[in-house]
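Numbering (the numbering used here), first residue to last: 140 to 440.
Backbone N, C-alpha and C fix where the C-beta goes; we use that ideal spot for every residue, glycine too.
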């Protein structure tokens, strides 16, 4: 029979560090994913008035059951996150753990359970927080190798993306300013100010083009065409950078795998290395240097 500490560690491993060869971890996470999906569908359907009128009570029961599971999950995560016996560390460790991104999302997703008691009249806040449970699906992205590589690409290319973002903001502000100057005399109601022209600039630069506001002057049309082409080029660059970065990360991952030694290969290398040193074929310094290289290769990130 498992001890109290072993049960706590087991729950923490299942919920926070699942191994895909562990059947219990897989089943629990698949069940949680299914419950999150059911809760999301129920919340979405509840916003459809005819469905809410006819099946509102059933949907409420489903949502409440899902919320109960989420509350239990959150409590178990907080309870099992530390095994220290120091009362102060028990509190501080749990507070630090609770401020992790996914735990913060979990906390927000269960707040609708307590909102009716704290703010019984605030229906808008209740609905808004209820929709927050949808973001719990994001927890499962951390188990995808492709998404892990994508996060690495974003970290490596963050400076380029920041520059692109500033450039995009500059183009939007410049476009709204110049269109205000050119189109305001002809359409004072639509291009009434630079802030009012921002809507047109955003829609044009992003190539959405709703068509509710369009230039009517020749100069305005020519400038709008140039801005549209510029927007296409600017928005295409991040996609190209992402694709190139993703390919680089793939190649880096392949090289890392090809350089890593298996445990059996390391054992054979060590045997050969020891034999060479004993027979006097390599010096002690050479032995230590080769051993260091093998160790670095084994632990390379």
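| So residue 172 is in the alpha helix (DSSP H); what residue range does that whole segment cover? | The count along the chain shown starts at 1 and reaches residue 172 at position 33. From DSSP, the alpha helix (DSSP H) with residue 172 extends over 162-185.
| CB residue 303 to CB residue 246, shorter than 8 Å? | The count along the chain shown starts at 1 and reaches residue 303 at position 164. The count along the chain shown starts at 1 and reaches residue 246 at position 107. Cβ distance not < 8 Å, so residue 303 and residue 246 don't count as in contact.
| Taking buried to mean at least 16 other C-beta atoms within 10 Å of its own C-beta, is residue 285 buried or exposed? | Here residue 285 corresponds to residue number 146 of the chain shown, with the count starting at 1. Answer is exposed; the Cβ neighbour count stays below 16.
| Between the CA atoms of residue 418 and residue 429 - distance to the nearest angstrom | Counting from 1 along the chain shown, the entry for residue 429 is found at position 290. Counting from 1 along the chain shown, the entry for residue 418 is found at position 279. So the alpha carbons of these two residues sit roughly 16 Å apart.
| task | For the region 359-376 and the region 308-323, state whether three or more C-beta atom pairs, one from each stretch, are separated by less than 8 Å. | result | yes
| query | Whole-angstrom Cβ separation of residue 289 and residue 385, contact assumed at under 8 Å? | reply | Translated into positions along the chain shown, residue 289 becomes position 150. Translated into positions along the chain shown, residue 385 becomes position 246. The Cβ separation is near 7 Å, so the contact holds.
| request: Could you tell me which of 240, 271, 235 sits nearest to residue 251, measuring between CA atoms? | output: Here residue 251 refers to the residue found at position 112 of the chain shown. Closest option to residue 251, Cα to Cα, is 271.
| task | Look at the alpha carbon of residue 416 and the alpha carbon of residue 390, and state the distance between them as a whole number of angstroms. | result | Position 277 of the chain shown holds residue 416. Position 251 of the chain shown holds residue 390. Roughly 36 Å between the two C-alpha positions.
| residue 370 versus 234, 381, 347, residue with shortest Cα-Cα distance | As a working note, residue 370 is residue 231 in the chain shown. Ranking 234, 381, 347 by Cα distance to residue 370 puts 347 first.
| request: Compute the Euclidean distance between the alpha carbons of residue 378 and residue 341, then round it to the nearest angstrom. | output: Looking up residue 378 in the chain shown gives position 239. Looking up residue 341 in the chain shown gives position 202. Each residue's alpha carbon lies about 19 Å from the other.
| field | Minimum C-alpha distance to residue 298 - residue among 144, 380, 183 | value | Against the chain shown, residue 298 aligns to sequence position 159. With distances taken between Cα atoms, residue 298 lies closest to 380.
| said: Determine whether the beta carbon atoms of residue 205 and residue 178 lie at a separation below 8 Å. | reply: Reading the chain shown from its first residue, position 66 is the one you call residue 205. Reading the chain shown from its first residue, position 39 is the one you call residue 178. Taking 8 Å as the Cβ cut-off, residue 205 and residue 178 qualify as a contacting pair.
| request: Report yes if the C-beta distance between residue 276 and residue 216 is below 8 Å; otherwise report no. | output: Taking the first residue of the chain shown as 1, we reach residue 276 at position 137. Taking the first residue of the chain shown as 1, we reach residue 216 at position 77. No, these two residues do not count as a Cβ contact at 8 Å.
| Can you name, in chain order, every residue of its own chain whose Cβ lies under 6 Å from the Cβ of residue 324, other than the five neighbours on each side? | Residue mapping note: residue 324 aligns to position 185 of the chain shown, counting from 1. Around residue 324: no qualifying Cβ.
| message | Using 8 Å for Cβ pairs, my map puts residue 249 next to residue 213. What's the rounded Cβ distance? | response | Here residue 249 refers to the residue found at position 110 when the chain shown is read from its first residue. Here residue 213 refers to the residue found at position 74 when the chain shown is read from its first residue. That pair is a contact at about 6 Å.
| message | Please state the DSSP three-state secondary structure of residue 239. | response | As a first step, residue 239 must be located in the chain shown, where it is residue number 100. Here residue 239 sits in coil by DSSP.
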